[in-house]
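Plus 2 on top of the position in the sequence shown (first one is 1) and you've got the working numbering.
Even for Gly, the Cβ is constructed at its ideal location relative to N, Cα and C.
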Amino acid sequence: MDVKEHVKKELDRRLGFVDFARIHFISALHGTGVGHLFESVQEAYKSATTRVGTSVLTRIMKMATDDHQPPLVRGRRVKLKYAHAGGYNPPLVVIHGNQVNDLPDSYKRYLMNYYRRSLEIMGTPIRIQFQNSENPFEGKSNKLTISQERRKKRLDQMLKGRSKK
């Protein structure tokens with residue numbers, strides 16, 4: 003096995019979480035490989051500063067969920083509603099939805115890799131931030147109409163009468 007292949011294999015094994023970065027072998031003695039390094043630096047800078055619109059990010063999110071649905075959390079499906087850019091250098095994608103904080107890490111990695119492939123981002127990490135949607139009816143009690151109150155009273159009296167027998 004060649005020394006370069008051995009080093010590359012060890013880097014892949016030990017730094018598997020940095021799969022977005024390219025590996026370059028350079029030589030200070032001979033001055034080789036530097037040209038490819040600067041090409042990758044420019045590619046990484048371009049990827050890190052690319053601006054992407056909300057509609058594109060949401061469309062990519064919908065395609066990802068169509069290909070692989072989010073898992074059930076407490077018996078309910080996690081609903082991803084929309085995504086938008088939250089920042090650049092490195093790119094930040096903010097995804098809004100219901101129960102998104104309970105998504106397993108494996109699905110978060112799936113979304114991150116799906117965005118990386120779809121946007122063709124290389125040389126920079128993608129960060130994904132999840133935000134739960136607020137329930138507009140939380141803390142509000144349901145105000146019954148007069149006819150609903152009368153019906154409830156009749157049902158309560160009927161149930162009390164049955165329990166006495």
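How many angstroms separate the CA atom of A50 from the CA atom of H86?
-> Counting from 1 along the sequence shown, the entry for residue 50 is found at position 48. Counting from 1 along the sequence shown, the entry for residue 86 is found at position 84. Near 16 Å, if we compare the C-alpha coordinates of H86 and A50.
Just to confirm, are Y117 and V95 a CB contact at a threshold of 7 Å?
-> Walking along the sequence shown from the start, residue 117 turns up at place 115. Walking along the sequence shown from the start, residue 95 turns up at place 93. In this structure, V95 lies closer than 7 Å to Y117 by Cβ.
Within 10 angstroms of the Cβ of F19, are there 16 or more other Cβ atoms? Answer buried if so, exposed if not.
-> Taking the sequence shown and counting its residues from 1, the one referred to as residue 19 is at position 17. It counts as exposed.
Straight-line gap, Q159 to K142 (C-alpha atoms, nearest Å) | To locate residue 159, count along the sequence shown from 1; it is residue 157. To locate residue 142, count along the sequence shown from 1; it is residue 140. About 27 Å.
Below 8 Å, can you find three or more Cβ-Cβ pairs linking the region 112-126 to the region 42-56?
-> yes
Do I97 and M114 come within 7 Å of each other at the CB atom, strictly closer than that value?
-> Locating residue 114 in the sequence shown gives position 112, counting from the first residue. Locating residue 97 in the sequence shown gives position 95, counting from the first residue. Result no, Cβ atoms of M114 and I97 do not sit closer than 7 Å.
Bridge-paired residues (DSSP) for A85 | Along the sequence shown, one-based indexing puts residue 85 at 83. Per DSSP, I97.
Whose C-beta lies closer than 6 Å to the C-beta of G99 among residues of the same chain, with five residues either side of it excluded?
-> Within the sequence shown, residue 99 is the residue found at index 97, counting from 1. Closer than 6 Å at the Cβ level, and outside the excluded window around G99, lie K81, L82, K83.
Rounded C-beta distance between D104 and V75? I'm assuming under 8 Å.
-> The residue given as residue 104 occupies position 102 in the sequence shown. The residue given as residue 75 occupies position 73 in the sequence shown. 4 Å between Cβ atoms; contact.
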